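Note sheet for the following structure.
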Amino acid sequence: MLEATTSYLSELPDWLLPVGLALAAIAFAITIHGLLITTMRRWIGVNHPYLRSVFTNTKGATRLALIIIIVSVAVPAAPLSASVQSFFSRALVFSFIILGGWFALIATKIAADFYLRRFDVQADDNLLARKHYTQVRILQRAAETLIVIVTVGAALMTFEAVRQFGISLFASAGVAGLVVALAARPVFANLIAGVQIAMTQPIRVYDAVVVEGEWGWIEEITSAFVVIKLWDWRRLVVPLSYFIEKPFQNWTRENSSIIGSILVHADYTVPIDRVREKLKEIAKASPLWDGQVVNLQVTDATEGTIELRALVSARTSPSAWDLRCEVREKLIAFIQEELPGSLPRVRASLADGVLNRRRVSEAKGLHAS
């Protein structure tokens, strides 16, 4: 029976046995992995959502690990030629390096998520939360970039041709090394800028900033660029190095509170004290006001009107924008309804002589007609 089986296997194509062995090992590993994951999920239940998310994040990596283990056990026991055994050995080493990098990426993400669970970036006073969120996310992405570079480099070094190229490249610090360094410059510049931003924090996630004349919020900070959500929902994508090399405005650098200004033009006869009292009344009645700043001043006077500047504060920049619009609308309505004589107007005064000359010229014109 054994001789017949051996004879039958020897008649098969050379590629069929290793391919069939690999497919069988992969199918067996996937089946075992599915059973283990199902059992662990039932054991954990719904009372541990964080552990469930850990299992979800590690499902692919643990499946690959089980496949590598089963294939590494099955290959030496199979009647394969030396060349096929060597191929499987190199493939297993390559897969093991990729698996190590994958697990390192997962561990980095899980550690970052676990640390950030204690902070709520959606809270009104979220300065501390945004500080930690920005630091952790930037350092996480920098670590992920380094892990990917090291993993890919180590995996490629398993190939003889790539290894020889790498050795010759490091041995000759010439034009080739210069070309590689220049090509990698933007990557490392953004990587270093990311670490600088994480440490010094000129920007944080959800900061209100003005960049290139555009106002918006920091929506996302990646390892290479920053995404700014503008007020009209457009996205402005800026390289990380921009925030190290060029000036910009950060409205929420120290805290989330912000002061908004409203400009209203009125006639010189406007009773400023009444408008000031109305402004305080509007601010106190609004849930957007944080109770800190409310003030009215005359900031300019032209030949026809005076400029009133109202200042009100809010907890966040979006609330400040809405509060400014609310105050502006209600102040205009107040002046229209209560002080219509204080609306901007144009005055004209004619001297008696000028008026008489106009009447005479008009009478001559009528007589001629």
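Numbering (this note's numbering) for the sequence shown: 492 to 860. Using N, Cα and C, we set each Cβ at its ideal position, and we do this for glycine too. The structure presented is a predicted model; accordingly, all values stated were derived computationally and were not measured.
Would you mind reading off the limits of the alpha helix (DSSP H) that contains glycine 782? Judged by DSSP secondary structure, glycine 782 falls outside any alpha helix (DSSP H) and instead within the beta strand (DSSP E) spanning 780-792.
Three-pair Cβ contact test at 8 Å for the stretch 543-562 versus the stretch 517-534: When C-beta atoms of the stretch 543-562 are compared with those of the stretch 517-534, three or more pairs fall below 8 Å, so the two segments count as touching.
Where leucine 583 and threonine 553 are concerned, what is the direct C-alpha to C-alpha distance, given to the nearest angstrom? Rounded to whole angstroms, leucine 583 to threonine 553 spans 15 Å at the Cα level.
Using the Cβ count rule (16 or more neighbours within 10 Å means buried), how would you classify serine 544? With fewer than 16 other Cβ atoms within 10 Å, it is exposed.
Quick one: residues in its chain with C-beta nearer than 6 Å to the C-beta of leucine 802, no 5 flanking neighbours on either side, listed in chain order? Answer for leucine 802: Ile750, Ser752, Val784 and Asn786, listed in chain order.
Note the first and the last residue of the continuous alpha helix (DSSP H) segment covering tryptophan 724. Taken as a continuous stretch (DSSP letters only), tryptophan 724 belongs to no alpha helix (DSSP H), as it is neither H nor E.
Nearest residue (CA-CA) to glutamate 794, options Ala776, Phe734 and Tyr759: Considering only alpha carbons, the answer is Tyr759.
Should alanine 664 go down as buried or exposed, given a rule of 16 or more other Cβ atoms within 10 Å for buried? Caution is warranted here: a pLDDT of 46 is assigned to alanine 664, below 50, making its placement in the model unreliable, and the coordinate value is therefore given only provisionally. Result: exposed.
Does the distance from the CB of valine 702 to the CB of isoleucine 712 come in under 8 Å? No, they are not a contact pair.
Let's test the definition: count the other Cβ atoms within 10 Å of the Cβ of valine 564 and tell me whether it reaches 16, buried, or not, exposed. It is exposed - the Cβ of valine 564 has fewer than 16 other Cβ atoms within 10 Å.
Coil, strand or helix - leucine 660 by DSSP: With a pLDDT of 49 at leucine 660, under the threshold of 50, the modelled position of this residue cannot be trusted; read the value that follows with caution. Note: leucine 660 maps to helix in three-state DSSP.
Quick one, are the C-beta atoms of isoleucine 629 and alanine 689 less than 8 Å apart? Contact flag set, yes.
Nearest by alpha-carbon distance to threonine 796: which of Arg836, Gln687 and Glu828 is it? Measuring from the Cα of threonine 796, the nearest candidate turns out to be Arg836.
Inter-residue Cα distance where the pair is serine 577 and alanine 516: About 18 Å.
Assess contact between the stretch 816-825 and the stretch 762-777, defined as three or more Cβ pairs (one per stretch) separated by less than 8 Å. Is contact present? Output reads yes: the stretch 762-777 touches the stretch 816-825.
Supposed close pair tryptophan 724, serine 808 - CB separation, criterion 8 Å: Their Cβ separation, rounded to whole angstroms, is 15 Å, which puts tryptophan 724 and serine 808 out of contact at 8 Å.
Grouping DSSP H, G and I as helix and E and B as strand, with all else coil, what is serine 752? In the three-state DSSP reduction, serine 752 falls in the strand class (E or B).
Suppose you measure from the CA of leucine 596 to the CA of alanine 573; what does that come to, to the nearest Å? Their Cα atoms are separated by approximately 35 Å.
Select from Arg609, Asp791 and Pro762 the residue whose C-alpha is nearest the C-alpha of leucine 754. Nearest option by C-alpha distance: Asp791.
For methionine 531, I'd like the list of residues in its chain whose CB is within less than 7 Å of its CB, leaving aside the five on either flank, ordered along the chain. Hits under 7 Å: Phe546.
Nearest to asparagine 480 by CA position, among Phe519, Leu514, Ala598 and Ala518, is which residue? Beyond the ends of the chain as shown, which are 492 and 860, falls residue 480; an answer cannot be given.
With DSSP run on the structure shown, which of helix, strand or coil describes glycine 551? Note: glycine 551 maps to helix in three-state DSSP.
Drop a sphere of 10 angstroms on the beta-carbon of asparagine 617, count the other beta-carbons inside from all chains shown, and report buried for 16 or more, exposed for fewer. Burial call: buried.
Once the 5 residues before and after glycine 592 are set aside, which same chain residues still bring their CB inside 6 Å of it? Non-local beta-carbon contacts of glycine 592 in its own chain, meaning distances under 6 Å to residues more than five positions away in sequence, involve Ile638 and Thr642 in chain order.
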